[in-house]
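Asker: Going by UniProt numbering, the residue at position 411 of the sequence shown is 411; the numbering climbs one at a time, nothing skipped.
Quick one: this structure, given as structure tokens, is what I'll be asking you about.
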Amino acid sequence: MKMRRLAAILAALTLGITSIAGCGGDTGKESGSTGGGAEESTGASGEGASAEDDKSPITFTYYSADMRNDSWDNPVAQAITEATGVSLDISYPVSSTGDPSQDVALMIANDDYPDLIYSKGSAGSLYDAGAFIDMRELIEEYGPNIKKMYGDQFEKLSWSADDNGIYQLSYAGVNGEVYAPGTWTCAIQFAALEENNYDYPETLEEYEALIKQYLEAHPTTEDGLEMIGLSLSASDWHWLITLSNPAGMIGDAQPDNGSWVVDEDYNVIYKHTSENEKEYFKWLCRMYDEGILDPNFATQTDDDYIAKLAGGQVVGILDPVWHFAQAEAVLEAEGKYSQTFCQVPVTLHEDQKSPALMDQGLQVGYGIGISKSCKDPVRAIKFLDYLCSDEGAVLYKWGVEGVNYFVDENGKRYRTEEEITASKTDPDYSKKTGINNYTGFPNYADGAVDENGNPYTPNTKETIIAEYNEAEKAACEAWGVELVSDIFPQAEEFEVPPYAPLWAYPVPQELTNIVNVLNEISWPGLVKCVTGGQENFDANWDALVAELEANGLEEANQMMTDFLATKLPQE
């Protein structure tokens, strides 16, 4: 055990930005196996088990790699404490990049852990160190709501084919519907679409033409600010979400698999070497040379980037909603609806389909686990089970009844116009209310309903349509659709992959180490490809690929292909 822990310490110290990239397993051993988790499932029948409804005060320490820096003092948190007796003392990454590896390495070195841990991509190191307890037996005895939430996907929570222990509950919403792309797409101001008679682009060529057309007509904003065709945020870890990840979705027309592209035979390659991505980055290079791409994309801070979006200065972006939503909240609050962004189904080539609405199945690998240091695992699993209960799920997603929502004569939950407006225009809404505020918690996805058909979240097809702003309503009317996302290829047009998103899996540490190096090379290398001039693009690209090859590219491709093979259904 000492040797394994030492190895885990060294492995954790090498973790890099892979945990930020990108977000089932097979069953194997009997449930009593602890595998790479704690040597003993401490407390599975320990103190607290005899008190079926123990609500005495207890504070669990909780490490969240989410970087939100939110405390446990909002109304939703207080209501959870009232229902369970549990309070959380929350800590976050010390690294400014949000990389949890430093914290995880320290935990492993000291062999001392918070009670509950959401570590994102560092889960593999914690597992190797024996930091997590296997929750399977605890769930069987105390977790009926956990089993209900995950339903027929419950066994996908198993760690691996060799260890069917459950060490984490998935952080991703389950059993829902997709009403809007939650991942990387091209997006463009509604104003540009309106002036183009709502003829939306489906290829990069059309997207480029629409941006240029709008820029020519509107060189400045109404406030006199210079309009920018495209902007990115690539001076820190956000390069992964605005420079790297869109290349896979748009260039390769692939769903979000983090650093990887998977072909139809399940062969995997590091994505920044694909021919389609080469063509995509060559397009970005031309946009830079022509002055369409923000000349400061690689040096501006993320705050600078968001401020430009919030000021209505940027026509087009390559970004997920969760990143640019704070800018849209400002625009909504100011009534500048036409300057908000419409996601459009753009791909590199006409014969590709945007996979933005594809269902990739249950996302396993990222989630919350109970550590071997937990002071009361039974109370901890009961706390997690409460979050999965109808009462807990509604509280977390809707808020406090009589304050954030109400119930009509038919037993249906609803929100007032004032509450809806606050949720869309106040950037601190979640922090103030506690609604959907703690990444890592198990939860139901939008569109999931209880046994009475009542939605677990406020976001249903009907409420989304009702809450559309003026620009969204006008676009839907012009297109003759109900949802803005109806212009995308729909989820049923794609098969659900027989594996989870690759970015979420805890992969072998050796592979993580190589990918960290590949990413460290790709970040400046891609920036150079984009900014180095069209005449130098091919040479810069070839130099980037050569450096990747010299630092383990082929080995990484083979290791990831072999790893994926262990996750595929066995014949």
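For every residue, glycine included, the Cβ atom is placed at its ideal position computed from N, Cα and C.
Apart from the five residues on each side of it in sequence, which residues of its chain come closer than 7 angstroms, Cβ to Cβ, to residue 357?
Answerer: The residue labelled residue 357 in the question sits at position 357 within the sequence shown. The residues are 178, 181, 485, 488, 489, 490 and 491.
Asker: So, with DSSP's three-state summary, where would you put residue 88?
Answerer: For the purposes of this step, residue 88 is identified with residue 88 of the sequence shown, where counting begins at 1. Here residue 88 sits in strand by DSSP.
Asker: Can you name, in chain order, every residue of its own chain whose Cβ lies under 8 angstroms from the Cβ of residue 149, other than the five neighbours on each side?
Answerer: For the purposes of this step, residue 149 is taken as the residue at position 149 of the sequence shown. Result list for residue 149: 174, 175, 388, 393, 442 and 444, in chain order.
Asker: Compute the Euclidean distance between the alpha carbons of residue 82 and residue 390, then round it to the nearest angstrom.
Answerer: In the sequence shown, counting from the first residue as 1, residue 82 sits at position 82. In the sequence shown, counting from the first residue as 1, residue 390 sits at position 390. Looking at the two C-alpha atoms, the distance is approximately 16 angstroms.
Asker: Would you kindly report the start and end of the unbroken alpha helix (DSSP H) that includes residue 319?
Answerer: For the purposes of this step, residue 319 is taken as the residue at position 319 of the sequence shown. Per DSSP, residue 319 belongs to no alpha helix (DSSP H); it is in the beta strand (DSSP E), 314-319.
Asker: Taking residue 377 as the reference, which of 114, 75 and 74 has the closest Cα?
Answerer: Counting from one through the sequence shown, the residue named residue 377 turns up at place 377. Comparing Cα-Cα distances from residue 377 to each of 114, 75 and 74, the minimum goes to 114.
Asker: Can you tell which of 257, 471, 273 and 520 has its C-alpha closest to the C-alpha of residue 542?
Answerer: By 1-based counting over the sequence shown, the position of residue 542 is 542. For residue 542, the nearest C-alpha among the options comes from 273.
Asker: State the beta-bridge partners of residue 371 as determined by DSSP.
Answerer: Your numbering for residue 371 matches position 371 in the sequence shown. In DSSP, residue 371 forms a bridge with 132.
Asker: Give every residue of the same chain whose Cβ lies closer than 7 angstroms to the Cβ of residue 477, excluding the five residues on either side of it in the sequence, and list them in chain order.
Answerer: By one-based count along the sequence shown, residue 477 stands at place 477. If we look at residue 477 and ignore the five residues flanking it on each side, it has no Cβ neighbours.
Asker: So, for residue 31: in the same chain, excluding its five sequence neighbours on each side, which residues have a beta-carbon less than 6 angstroms away from its beta-carbon?
Answerer: Numbered from 1 along the sequence shown, position 31 holds the residue referred to as residue 31. Note that residue 31 has pLDDT 32, beneath the 50 cutoff, so the model's placement of it is unreliable and no number is given.
Asker: Which residue from 529, 528 and 520 puts its Cα closest to that of residue 240?
Answerer: Locating residue 240 in the sequence shown gives position 240, counting from the first residue. That would be 520, whose Cα lies nearest to the Cα of residue 240.
Asker: Relative to the alpha-carbon of residue 125, which residue among 512, 60, 325 and 257 has its alpha-carbon at the smallest distance?
Answerer: Along the sequence shown, read from residue 1 onward, the residue named residue 125 stands at position 125. Residue 125 has its Cα closest to that of 512, out of 512, 60, 325 and 257.
Asker: Do you know offhand how far residue 527's Cα is from residue 416's?
Answerer: As a position in the sequence shown, residue 527 is number 527, starting the count at 1. As a position in the sequence shown, residue 416 is number 416, starting the count at 1. Looking at the two C-alpha atoms, the distance is approximately 46 angstroms.
Asker: Report buried or exposed for residue 46, applying the criterion of at least 16 other Cβ atoms within 10 angstroms of its Cβ.
Answerer: Locating residue 46 in the sequence shown gives position 46, where the first residue counts as 1. Residue placement at residue 46 is poorly supported in this model, since its pLDDT is 36, which falls under 50; the coordinates are not used for a value here.
Asker: Roughly how many whole angstroms lie between the Cα atoms of residue 450 and residue 282?
Answerer: Within the sequence shown, numbered from 1, the residue matching residue 450 stands at position 450. Within the sequence shown, numbered from 1, the residue matching residue 282 stands at position 282. So the two alpha carbons sit approximately 48 angstroms from each other.
Asker: Roughly how many whole angstroms lie between the Cα atoms of residue 529 and residue 285?
Answerer: On the sequence shown, residue 529 is found 529 positions in, with the first residue counted as 1. On the sequence shown, residue 285 is found 285 positions in, with the first residue counted as 1. Approximately 7 angstroms between the Cα atoms of the pair.
Asker: Distance check for residue 59 and residue 184, CA to CA, integer angstroms please.
Answerer: For the purposes of this step, residue 184 is taken as residue 184 along the sequence shown, with counting starting at 1. For the purposes of this step, residue 59 is taken as residue 59 along the sequence shown, with counting starting at 1. One C-alpha to the other measures close to 38 angstroms.
Asker: Just to confirm, is the Cβ distance from residue 413 to residue 454 under 8 angstroms?
Answerer: In the sequence shown, counting from the first residue as 1, residue 413 sits at position 413. In the sequence shown, counting from the first residue as 1, residue 454 sits at position 454. Closer than 8 angstroms, so yes.
Asker: Residue 117 by DSSP, collapsed to three states: which one?
Answerer: Looking up residue 117 in the sequence shown gives position 117. DSSP places residue 117 in strand when its eight states are reduced to three.
Asker: Measuring straight from C-alpha to C-alpha, what distance separates residue 349 and residue 203?
Answerer: Counting from 1 along the sequence shown, the entry for residue 349 is found at position 349. Counting from 1 along the sequence shown, the entry for residue 203 is found at position 203. Approximately 6 angstroms between the Cα atoms of the pair.
Asker: Return the CA-CA distance between residue 40 and residue 131, expressed in angstroms with no decimal places.
Answerer: As a working mapping, residue 40 is identified with position 40 in the sequence shown. As a working mapping, residue 131 is identified with position 131 in the sequence shown. Confidence in residue 40 is poor, its pLDDT being 40 and thus under 50, which makes the residue's placement unreliable; the coordinate value appears in the next sentence. Cα to Cα, the separation comes out at about 10 angstroms.
Asker: Buried or exposed: which applies to residue 534, given that a residue is buried once 16 or more other Cβ atoms fall within 10 Å of its Cβ?
Answerer: Working through the sequence shown from its first residue, we reach residue 534 at position 534. Answer is exposed; the Cβ neighbour count stays below 16.
Asker: Per the DSSP calculation, residue 187 is bridged to which residue(s)?
Answerer: As a first step, residue 187 is located in the sequence shown; it is residue number 187 there, counting from the start. According to DSSP, which records beta bridges pairwise, residue 187 is partnered with 317 and 343.
Asker: How far does the alpha helix (DSSP H) with residue 583 in it extend, from its first residue to its last?
Answerer: Examination of residue 583 is not possible in this model, given that the chain is present from 1 through 571 alone.
Asker: At which residue ranges does the stretch 515-552 contain complete alpha helix (DSSP H) runs of 4 or more residues, listed in the order of the chain?
Answerer: For the stretch 515-552, whole alpha helix (DSSP H) runs of length 4 or above, ordered along the chain, are 537-549.
Asker: Have a look at 332, 108, 193 and 234 and flag the residue whose alpha-carbon is nearest the alpha-carbon of residue 129.
Answerer: The residue given as residue 129 occupies position 129 in the sequence shown. Residue 108 is the option with its Cα nearest to residue 129.
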